[in-house]
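Engineer: Those sequence lines, one after another, are chains A and B.
UniProt numbering applies: residue 1 is where the first sequence begins, and numbers increase by one.
UniProt numbering applies: residue 1 is where the second sequence begins, and numbers increase by one.
Okay, handing you the structure first.
2 protein chains.
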Amino acid sequence: MIEKRKPIKVEQALKRVFDYARYGSIEYVSIEDSYGRYLGEDLVATHDVPFFNRSPYDGYAIRACDTVNASRDHPIEFKVIGEIGAGSVFDGVVGEHEAVRIMTGAQIPDGADCVIMLELVTEIGQHMIEIKRKVKQGENISFIGEDTKKGTVLAPKGTYVNPGDVALLATFGYKQVPVSSKPKIGIIATGSELLDVDQPLEPGKIRNSNTYMIMAQVKRAGGEPIYFGQFEDDFQTCFEQVKNTLEQVDFLITTGGVSVGDYDYLPEIYEKLGADVLFNKIAMRPGSVTTVAVKDEKLLFGLSGNPSACYVGCELFVKPIIRKFLHNRNPVLKRAQAVLGQDFPKANPFDRFVRSYLNFDGSQLYVYPVGLDKSNIVSSLAGANVLLVLPGGTRGFKKGMKVDVLLLEDQEGAPLDTFLAGFKNLNRGDSDEVI
Amino acid sequence: MIEKRKPIKVEQALKRVFDYARYGSIEYVSIEDSYGRYLGEDLVATHDVPFFNRSPYDGYAIRACDTVNASRDHPIEFKVIGEIGAGSVFDGVVGEHEAVRIMTGAQIPDGADCVIMLELVTEIGQHMIEIKRKVKQGENISFIGEDTKKGTVLAPKGTYVNPGDVALLATFGYKQVPVSSKPKIGIIATGSELLDVDQPLEPGKIRNSNTYMIMAQVKRAGGEPIYFGQFEDDFQTCFEQVKNTLEQVDFLITTGGVSVGDYDYLPEIYEKLGADVLFNKIAMRPGSVTTVAVKDEKLLFGLSGNPSACYVGCELFVKPIIRKFLHNRNPVLKRAQAVLGQDFPKANPFDRFVRSYLNFDGSQLYVYPVGLDKSNIVSSLAGANVLLVLPGGTRGFKKGMKVDVLLLEDQEGAPLDTFLAGFKNLNRGDSDEVI
């Protein structure tokens, strides 16, 4: 007897998973190690920028009132009473018809209220310059707080730290940076056909590629993967393994073992654990057997053993829950629209997520499925930078149609609501009900 | 006297830099650590995929000739003589009107030449099934090498290792992965106005943000940044510092000190080193003072001290040389076309690289400059995901115009030739000569 499972839609599945989101705590890393982490607190301007009135150019700091009558025909002379390199401060006060040579970024000296650029000045002898135009009060001065006011939130908690953010952290004195702790994601592989990567091939067996692939996907998403090895053949041992692993991690991923085949232990393990199965069939291809259960508020992701189903399940359900853990506001894959670059004639009642390559041609995005989208073919995973979304229904898809794609390498992401709305707008061939 | 420098075009500058590219050697990392590195050798299929004839479905392995007369009205009975789980092998031979239950992925038993899917079979008693249709020879068998032939190059040397590549590495037994060694990039900061990140602010000074920003940019590009501290005030000490650092690294970056100001030591240091200055002025904004010199075949990048000029110089010149070192075939920033989202009225004789945000609206790309593009404003760096390219000339730019953008967070990159050709196609307002 084959158990009959009722499929739910992708967006319903994701909503259920998000009900069990967990959140990271704050830990501190040195600024050198902050790139690629996620902020654990808002990044706040700890002082005004500029912190002092400064010169944006090389030039001379003077009093504007002394230039009122200056013109090409009527140059006015100034005595140069000193100079200020960047980082140093002028001790005196600039008086009538006096000038101080000032470098870019240096502090405006007392008494001066404007700067004239070097190019507009004529040196007419040692310590004497001539000015041939009027300069306004405040001209060429970057004033305190003009760029950024103290207390401004420059990047919210949960922001992915890019090189520009690192510059901000340095500017505002964050030697130690508060970042979100990474979720610990346990991984257990199932499948008696699996050899480890360093074992020689034998008849009937394949090497375990899913585990290493998922470890990389978890890292890309911002989590910390921990591999707990493969299932043993014995049910009780497998049960103990899941139970013990779950206590040591924030989320658990298993690969394989979630179908209804004779060797698929996971459904029975969920039952014995007393875990609540949120769903065990999703109206999507590949990965319809993707199962998610909850035990003591912890999510157990039961991904398919097929490489591309496993990949897609990880991107659609695990990645968002990792980004959410990191307090990121845009935890879900970002969606874009593209033009389908080739026919995709075969209809499917389930939504399809086809590993594809997104290309720019002029200002238009084009998307091409990479390789055959059989779920057992690993080689087509490598060239994919998007998942092409083909809504379930009774139609095929023609070259030139507008289609949705989900970006895989993007760091920006999208909010859950936007992502869910995207599915509402999908032109599914069937009614709102999944068959 | 202000030294007069002759500016060269961005693409000429890049071409000169590429003449001094250096290349990494091979090192081995465990597959768990291979994500995000660059392949040091071609990734080759070390065996056929599949490695044996296998079943893509759950079903029964039979002989096609036994089904020739099967039909709805004339079901044919088969005796089930065994079953094969994934990973195990059937010892016997499938004979006339015999069937072996087979799981997805398992090896086709001897004697059988096709598989009938589970759903098309009726169990009619213990160890007996009934088949009501003809099955062709080879039907539902994934044959040896059907997916990938042994010896196929699946990813060339220099490829950025993404999660799909990791799956391939595991499949083909790469427990240790040959990757390119990372270039060691030395960084020295200059500027007497600079405080370190943990120092309290004082009048006239700012914290050193460029160093930490560049360290993150170097990491993003795939290199290994090493910070050698700030210049001392004394020329001879600075000279020794550059000389000694250069011996320990593959490339050296300095920030600041390349203008023609009174405190800018770099030009003099290049001279004393006997370094060959490739250029010291580029027809671009920001970063026109960007200087590159060569000493003993090693590149010295003299980036501007202004945060955004420093950022742009690093992306345009340092990043490509890092990717080249990693044997990557697409070492330069990838270019796309977008619609300008707002007016940019001010013309400039130099090409501008404006930190901007690229957004998708429908299938159309739109680009918006982030913040004011003053080179001393650090806060606008954080929101940028592209550099907007505005060709030099006498015109401004209007909302709605098609413009080029260079992608900052993209891992794909572009070949040098494509990048250079992009500049040829730029509609520069001036003649081919830079003023």
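Cβ coordinates follow ideal geometry from the N, Cα and C atoms, glycine included.
Starting from B:M284, follow its DSSP beta bridges and name the residues at the other end.
Structural biologist: The residue you call residue 284 of chain B lines up with position 284 of the second sequence. For B:M284, which the question treats as bridged, DSSP gives the partners B:D351.
Engineer: Could you check whether the Cβ of B:F279 sits closer than 8 Å to any Cβ belonging to chain A?
Structural biologist: To locate residue 279 of chain B, count along the second sequence from 1; it is residue 279. Closer than 8 Å: no.
Engineer: At a cut of 8 Å, does the region 92 to 108 of chain A reach the region 147 to 158 of chain A through at least three beta carbon pairs?
Structural biologist: Result no; under three Cβ-Cβ pairs closer than 8 Å.
Engineer: If you run the structure through DSSP and keep just helix, strand and coil, what is B:E193?
Structural biologist: Residue 193 of chain B sits at position 193 when you count from the first residue of the second sequence. Looking at B:E193 - three-state DSSP - the assignment turns out to be coil, as it is neither helix nor strand.
Engineer: Contact defined as beta carbons within less than 8 Å: I believe A:D196 pairs with A:N208. What is the distance between those atoms, to the nearest angstrom?
Structural biologist: Locating residue 196 of chain A in the first sequence gives position 196, where the first residue counts as 1. Locating residue 208 of chain A in the first sequence gives position 208, where the first residue counts as 1. A:D196 to A:N208, Cβ: 6 Å. Contact.
Engineer: Where A:V292 and B:G40 are concerned, what is the direct C-alpha to C-alpha distance, given to the nearest angstrom?
Structural biologist: Here residue 292 of chain A refers to the residue found at position 292 when the first sequence is read from its first residue. Here residue 40 of chain B refers to the residue found at position 40 when the second sequence is read from its first residue. Those two C-alpha atoms are separated by around 38 Å.
Engineer: Which chain A residues sit within Cβ distance under 8 Å of B:Y212?
Structural biologist: For the purposes of this step, residue 212 of chain B is taken as the residue at position 212 of the second sequence. Neighbours of B:Y212 on chain A, chain order: I31, E32, V166, A167, L169, A170.
Engineer: From residue 441 of chain A to A:D276, what does the alpha carbon distance come to, in whole angstroms?
Structural biologist: Residue 441 of chain A lies beyond the range of chain A shown here (1 to 435); nothing can be said about it.
Engineer: Determine the chain A residues that contact B:K205 at a beta-carbon separation under 7 Å, and present them in chain order.
Structural biologist: Sequence index remark: in the second sequence, residue 205 of chain B carries index 205 (1-based). Within 7 Å Cβ-Cβ: G87.
Engineer: Rounded to the nearest angstrom, what separates A:M401 and A:Q364 at their Cα positions?
Structural biologist: Here residue 401 of chain A corresponds to residue number 401 of the first sequence, with the count starting at 1. Here residue 364 of chain A corresponds to residue number 364 of the first sequence, with the count starting at 1. The alpha-carbon atoms of A:M401 and A:Q364 are separated by roughly 13 Å.
Engineer: Output needed in chain order: residues of the region 231 to 251 of chain A with a Cβ under 9 Å from some Cβ in chain B.
Structural biologist: Listed in sequence order: no entries.
Engineer: Taking the CB atoms as reference points, tell me whether A:A13 and A:I282 lie closer together than 8 Å.
Structural biologist: Here residue 13 of chain A refers to the residue found at position 13 of the first sequence. Here residue 282 of chain A refers to the residue found at position 282 of the first sequence. A contact, by the Cβ cut-off of 8 Å.
Engineer: Using DSSP with H/G/I as helix, E/B as strand and the rest coil, what is A:Q210?
Structural biologist: As a working mapping, residue 210 of chain A is identified with position 210 in the first sequence. Sequence check: residue 210 of chain A is Asn here, not Gln. Of the three classes helix, strand and coil, the one that applies to A:N210 here is helix, per DSSP.
Engineer: Could you say if the region 312 to 325 of chain B and the region 209 to 224 of chain B meet the contact criterion of at least three C-beta pairs nearer than 8 Å?
Structural biologist: Judged by Cβ distances under 8 Å, the region 312 to 325 of chain B makes contact with the region 209 to 224 of chain B, as three or more pairs qualify.
Engineer: Measure the alpha-carbon distance for A:G59 versus A:T104 and round it to whole angstroms.
Structural biologist: Position 59 of the first sequence, counted from the start, is the residue given in the question as residue 59 of chain A. Position 104 of the first sequence, counted from the start, is the residue given in the question as residue 104 of chain A. Their backbone Cα atoms lie some 8 Å apart in a straight line.
Engineer: If we count the other Cβ atoms within 10 Å of its Cβ and call it buried at 16 or more, is B:A421 buried or exposed?
Structural biologist: Residue mapping note: residue 421 of chain B aligns to position 421 of the second sequence, counting from 1. B:A421 is exposed by the Cβ-count criterion.
Engineer: Just the C-alpha distance for A:E139 and A:S30, rounded to the nearest angstrom, thanks.
Structural biologist: Position 139 of the first sequence, counting from 1, holds the residue named residue 139 of chain A. Position 30 of the first sequence, counting from 1, holds the residue named residue 30 of chain A. C-alpha separation (whole angstroms): 40 Å.
Engineer: Of all the CB atoms in chain B, is at least one closer than 8 Å to the CB of A:N162?
Structural biologist: Along the first sequence, one-based indexing puts residue 162 of chain A at 162. A:N162 counts as touching chain B.
Engineer: Below 8 Å on the Cβ atoms is my contact criterion, and I expect A:N53 with A:Q137 to pass it. Report the Cβ-Cβ distance as a whole number of Å.
Structural biologist: For the purposes of this step, residue 53 of chain A is identified with residue 53 of the first sequence, where counting begins at 1. For the purposes of this step, residue 137 of chain A is identified with residue 137 of the first sequence, where counting begins at 1. Not really, about 12 Å apart at Cβ, beyond 8 Å.
Engineer: By the criterion of Cβ-Cβ separation under 7 Å, what are the contact partners of B:P307 in chain A?
Structural biologist: Here residue 307 of chain B corresponds to residue number 307 of the second sequence, with the count starting at 1. Here the neighbours are A167.
Engineer: Between B:N53 and chain A, is any beta-carbon pair separated by less than 8 Å?
Structural biologist: For this step, residue 53 of chain B is matched to residue 53 along the second sequence. Judged by the 8 Å Cβ criterion, B:N53 is not in contact with chain A.
Engineer: Contact check, A:G305 vs A:L252 under 8 Å by CB: the rounded distance?
Structural biologist: To locate residue 305 of chain A, count along the first sequence from 1; it is residue 305. To locate residue 252 of chain A, count along the first sequence from 1; it is residue 252. About 16 Å separates the two Cβ atoms, so there is no contact after all.
Engineer: Between B:F423 and chain A, is any beta-carbon pair separated by less than 8 Å?
Structural biologist: Position 423 of the second sequence holds residue 423 of chain B. B:F423 does not count as touching chain A.
Engineer: Between B:P320, B:V367, B:S308, B:A309, which lies nearest to B:L299 when the distance is taken from Cα to Cα?
Structural biologist: Counting from one through the second sequence, the residue named residue 299 of chain B turns up at place 299. Ranking B:P320, B:V367, B:S308, B:A309 by Cα distance to B:L299 puts B:P320 first.
Engineer: Whose C-alpha, out of A:M213, A:F235, A:R329, A:L387, is nearest the C-alpha of A:F353?
Structural biologist: Within the first sequence, residue 353 of chain A is the residue found at index 353, counting from 1. Of the candidates A:M213, A:F235, A:R329, A:L387, the one whose C-alpha sits nearest the C-alpha of A:F353 is A:L387.
Engineer: Got a sec, what are the start and stop residues for the alpha helix (DSSP H) B:R323 sits in?
Structural biologist: Against the second sequence, residue 323 of chain B aligns to sequence position 323. Segment 319 to 325, the alpha helix (DSSP H) holding B:R323.
Engineer: For the region 336 to 347 of chain B, enumerate the residues whose C-beta is nearer than 9 Å to any C-beta of chain A, in chain order.
Structural biologist: Listed by position along the chain: A336, Q337, A338, V339.
Engineer: Would A:Y368 pass as a contact of A:Q342 if the rule is Cβ separation under 8 Å?
Structural biologist: Mapped onto the first sequence, residue 368 of chain A falls at position 368. Mapped onto the first sequence, residue 342 of chain A falls at position 342. Result yes, Cβ atoms of A:Y368 and A:Q342 sit closer than 8 Å.
Engineer: Can you tell which of A:D66, A:I62, A:A70 has its C-alpha closest to the C-alpha of A:V80?
Structural biologist: Counting from 1 along the first sequence, the entry for residue 80 of chain A is found at position 80. Nearest of A:D66, A:I62, A:A70 to A:V80, Cα basis: A:I62.
Engineer: Could you check what DSSP says for A:D430 in three-state terms: helix, strand or coil?
Structural biologist: On the first sequence, residue 430 of chain A is found 430 positions in, with the first residue counted as 1. Note that A:D430 scores a pLDDT of 49, beneath 50, so its modelled location is shaky; the value from the coordinates is reported in the next line. It is coil, neither helix nor strand.
Engineer: Whose CA, out of B:G36, B:D147, B:V177, B:K399, lies closest to the CA of B:V49?
Structural biologist: Taking the first residue of the second sequence as 1, we reach residue 49 of chain B at position 49. Minimum Cα distance to B:V49 is reached at B:D147.
Engineer: Please list the terminal residues of the continuous beta strand (DSSP E) segment that includes B:S25.
Structural biologist: For the purposes of this step, residue 25 of chain B is taken as residue 25 along the second sequence, with counting starting at 1. Unbroken run through B:S25: none, as it is neither H nor E.
Engineer: Can you check DSSP and say which residues form a bridge with B:L43?
Structural biologist: Taking the second sequence and counting its residues from 1, one reaches residue 43 of chain B at position 43. DSSP, once it has assigned bridges, lists B:A155 as partnering B:L43.
Engineer: Tell me, to the nearest whole angstrom, how far the beta carbon of A:L266 is from that of A:T254; I am working on the premise that it is less than 8 Å.
Structural biologist: Translated into positions along the first sequence, residue 266 of chain A becomes position 266. Translated into positions along the first sequence, residue 254 of chain A becomes position 254. About 6 Å; that satisfies the 8 Å criterion.
Engineer: My assumption, with CB atoms under 8 Å, is that A:A309 sits in contact with B:G164. Please give the rounded CB distance.
Structural biologist: If you number the first sequence from 1, residue 309 of chain A lands on position 309. If you number the second sequence from 1, residue 164 of chain B lands on position 164. No, A:A309 and B:G164 are not in contact; Cβ-Cβ is about 14 Å, not under 8 Å.
Engineer: Anything in chain B within Cβ reach of A:Y35, meaning under 8 Å, just list it in chain order.
Structural biologist: Position 35 of the first sequence, counted from the start, is the residue given in the question as residue 35 of chain A. Simply M215, A216, K219, R220.
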